[in-house]
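Colleague:
2 protein chains.
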Amino acid sequence: MAELAFEDFTPGRVFDLGRITVDRDEMIAFARRFDPQPFHLDEQAGKESIFGQLAASGWYTCGLWMRAYVDHVLSRAVALGSPGGEEISWPAPVFAGDLLAASLEILGARRSRSRPELGLVTLGARMYRGDTPVFRATFTGMFGVRTA
Amino acid sequence: MAELAFEDFTPGRVFDLGRITVDRDEMIAFARRFDPQPFHLDEQAGKESIFGQLAASGWYTCGLWMRAYVDHVLSRAVALGSPGGEEISWPAPVFAGDLLAASLEILGARRSRSRPELGLVTLGARMYRGDTPVFRATFTGMFGVRTA
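So the sequences go chain by chain: A and B.
So in the UniProt record's numbering, spot 77 of the first sequence is number 77, and the numbers just go up one at a time.
So in the UniProt record's numbering, spot 49 of the second sequence is number 49, and the numbers just go up one at a time.
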């Protein structure tokens with residue numbers, strides 16, 4: 001039996017998802033495959049860009065957060081996927097070597113009316129470099145209920 | 001000089017971003033690194049899941065769309081990154097071998113007040129398997145203006 005069910009995702013609860021150091025090689029390899037814009041691939045193009053240096057694809061940052069969420073929460077939960085979300089933002093660029101702190105804040109939770117064995121949880125994804133927010137998303141997670 | 005500037009992103013314009021066949025090995029490798037939930041990794045776990053078979057991570061689907069967007073639009077544009085978006089959804093699961101059609105619809109466009117050399121474009125990302133929508137997002141792209 002999984003440790004975390006719908007009932008454990010109470011609004012206001014914050015899960016620490018640990019710290020991640022951004023690996024330069026993987027950051028560039030990701031961009032090469034999924035987001036090959038010059039400022040994500042090349043040091044000089046990064047310097048000349050709005051970011052001021054070689055910057056991670058926002059989708060890579062998102063992937064790093066997702067992995068931390070799986071490791072710290074979903075792997076211990078009755079997780080049933082996600083239909084999507086309503087906010088995603090990258091308030092500051094992420095750079096190679098950055099140390100990022102990831103967390104998850106539970107923003108809301110309700111039982112499904114059509115499928116009572118399932119609960120819908122509004123999830124707040126956050127990632128910081130020091131005091132600077134670098135990633136933020138609000139999306140919905142579906143979880144099995146313990147007392148179906 | 002890039003072919004596409006802010007002025008070319010007129011509301012209502014639709015860009016065809018081509019077709020993509022979902023590669024099973026890459027789909028699983030992506031999930032193993034960024035979203036290692038059992039239904040994204042293992043055929044049997046997929047069958048027993050809400051998806052009915054091994055399904056792609058939504059972030060992989062997102063990455064496939066992004067790559068198509070770079071290849072067909074951003075690589076030809078004065079693209080200045082994105083601060084984020086306000087909607088992301090996966091209305092249906094994506095499976096290995098799926099043939100997906102990607103497109104971009106321009107939903108809105110306005111010049112930046114604080115930085116007149118820059119325009120903000122509201123972008124509608126869409127991806128379909130046949131008539132079934134599998135990915136949808138609304139986000140903001142920043143582009144250089146031609147007549148700064």
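Backbone N, C-alpha and C define an ideal beta-carbon position, used for all residues, glycine too.
These numbers were taken from a predicted model, which means no experiment stands behind them.
(1) Pick helix, strand or coil for Pro38 (chain B), following the three-state DSSP scheme.
(2) Over the uninterrupted alpha helix (DSSP H) stretch that includes Arg67 (chain B), give me the two end residues.
(3) Just verifying my parser: in three-state terms, what is the DSSP assignment at Arg115 (chain B)?
(4) From the DSSP output, in three-state form, read off Ala45 (chain A) for me.
(5) Relative to the C-alpha of Val121 (chain A), which residue among A:Ser49, A:Arg111, A:Gly130 is closest?
(6) Residue range of the beta strand (DSSP E) that Phe143 (chain B) falls in?
(7) Using the Cα positions of Arg146 (chain B) and Pro116 (chain B), report the straight-line distance between them to the nearest angstrom.
(8) Using DSSP's beta-bridge definition, name the partner residues of Thr21 (chain A).
(9) Determine, using beta carbons only, whether Phe40 (chain B) and Ala56 (chain B) come nearer to each other than 8 Å.
(10) I'd like to know whether the C-beta atoms of Gly124 (chain A) and Leu107 (chain A) end up nearer to each other than 8 Å.
(11) Secondary structure at Phe51 (chain B), three-state DSSP: helix, strand or coil?
(12) I'd like the span of the beta strand (DSSP E) that includes Glu87 (chain B), first residue to last.
(13) Going along chain A in order, which residues have a C-beta closer than 7 Å to the C-beta of Glu87 (chain B)?
(14) Hey, is the region 132 to 145 of chain A in contact with the region 72 to 81 of chain A, meaning 3+ C-beta pairs nearer than 8 Å?
(15) Hey, does Met66 (chain A) have any beta-carbon neighbour from chain B nearer than 8 Å?
(16) In this structure, how does DSSP classify Glu26 (chain B) when only helix, strand and coil are distinguished?
(17) Within 10 Å of its beta-carbon, does Ser89 (chain B) have 16 or more other beta-carbons around it, so buried, or fewer, so exposed?
(18) Anything in chain B within Cβ reach of Ile50 (chain A), meaning under 7 Å, just list it in chain order.
(19) Mapping the DSSP letters down to three states, classify Arg129 (chain B) as helix, strand or coil.
(20) Report buried or exposed for Ser114 (chain A), applying the criterion of at least 16 other Cβ atoms within 10 angstroms of its Cβ.
(21) Can you tell me the Cα-Cα spacing of Gly52 (chain B) and Phe51 (chain A), whole angstroms?
(22) Return yes when the Cβ of Ala2 (chain B) is within less than 8 Å of the Cβ of residue 154 (chain B), no when it is not.
(23) So, are the CB atoms of Leu54 (chain B) and Asp71 (chain B) less than 8 Å apart?
(24) Distance cutoff 8 Å, beta carbons only. Does Asp35 (chain B) sit that close to anything in chain A?
(25) Let me know if Gln37 (chain B) comes out buried or exposed under the rule of 16 or more other beta-carbons within 10 Å of its beta-carbon.
(26) Rounded to the nearest angstrom, what separates Ala5 (chain B) and Ala137 (chain B) at their Cα positions?
(27) Can you find a CB in chain B that lies within less than 8 Å of the CB of Leu74 (chain A)?
(28) Could you list which residues in chain B have their beta carbon closer than 7 Å to that of Thr58 (chain A), in chain order?
Modeller: Result, derived from the coordinates:
(1) helix
(2) Residue range 58 to 72 is occupied by the alpha helix (DSSP H) that includes Arg67 (chain B).
(3) coil
(4) helix
(5) A:Arg111
(6) 132 to 144
(7) 11 Å
(8) A:Leu99
(9) One detail in the question is off: residue 40 (chain B) reads as His in this sequence, not Phe. For His40 (chain B) and Ala56 (chain B), yes; Cβs fall inside 8 Å.
(10) yes
(11) coil
(12) Where Glu87 (chain B) is concerned, the enclosing beta strand (DSSP E) stretches over 84 to 89.
(13) Those are Glu86, listed as they occur along chain A.
(14) Touching, yes, given that three or more Cβ pairs across the two stretches are closer than 8 Å.
(15) yes
(16) DSSP places Glu26 (chain B) within a helical segment (H, G or I) once states are collapsed to three.
(17) buried
(18) Leu80, Gly81
(19) strand
(20) exposed
(21) 42 Å
(22) Nothing can be reported for residue 154 (chain B), as the shown portion of chain B is limited to 1 through 148.
(23) At least 8 Å separates the beta-carbon of Leu54 (chain B) from that of Asp71 (chain B).
(24) Yes - at least one Cβ of chain A is within 8 Å of the one on Asp35 (chain B).
(25) buried
(26) 22 Å
(27) Yes, because at least one Cβ of chain B sits closer than 8 Å to the Cβ of Leu74 (chain A).
(28) Note that residue 58 (chain A) is Gly in the sequence shown here, rather than Thr. Result: Ser82.
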